[in-house]
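At position 59 of the sequence shown (counting the first as 1) the number is 59 in UniProt numbering, and the numbers step up by one without a gap.
One structure is given below, encoded as structure tokens.
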Amino acid sequence: MSVEALLILRVRKMYNNNKYVLSTLSIFGGAQCAAMSVSAWIIVPSVSFSPTCTVIGTYRGQIYVG
């Protein structure tokens, strides 16, 4: 996320510190963070591990999520 924040600031400088560009890119960045959080919240708890930390069961829809 820090790389994306730096890229947002660089794009803002390209457009002469336009606040509309910054707000639009910030909204898209926030939406991406929210989507990543939701998909991690859905998938991570449903993964089961063996005593040696080998994945033995995954979420059924994981192939569609990534």
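The beta carbon of each residue, even a glycine, is placed where N, CA and C say it ideally should be.
With DSSP as the reference, label residue i as helix, strand or coil.
i, result
"residue 50", "coil"
Pop quiz: residue i and residue j are said to be a contact at Cβ under 8 Å. What is the actual Cβ separation, rounded to whole angstroms?
i, j, result
"residue 56", "residue 46", "Between residue 46 and residue 56 the Cβ distance is about 12 Å, and since that is not below 8 Å, they are no contact."
Can you give me the Cβ contacts of residue i inside the same chain, cut-off strictly under 8 Å, excluding the 5 residues immediately before and after it?
i, result
"residue 1", "29, 33"
"residue 75", "Limits of the chain in this structure are 1 at one end and 66 at the other, which puts residue 75 out of reach."
Nearer than 6 Å: is that true of the beta carbon of residue i relative to any heavy atom of the ligand GDP?
i, result
"residue 34", "No copy of the ligand GDP appears in this structure; indeed no ligand is present at all."
For residue i and chain B, any beta-carbon pair shorter than 7 Å?
i, result
"residue 42", "Here chain B cannot be found, since the structure has a single protein chain."
Quick one: residues in its chain with C-beta nearer than 7 Å to the C-beta of residue i, no 5 flanking neighbours on either side, listed in chain order?
i, result
"residue 4", "29"
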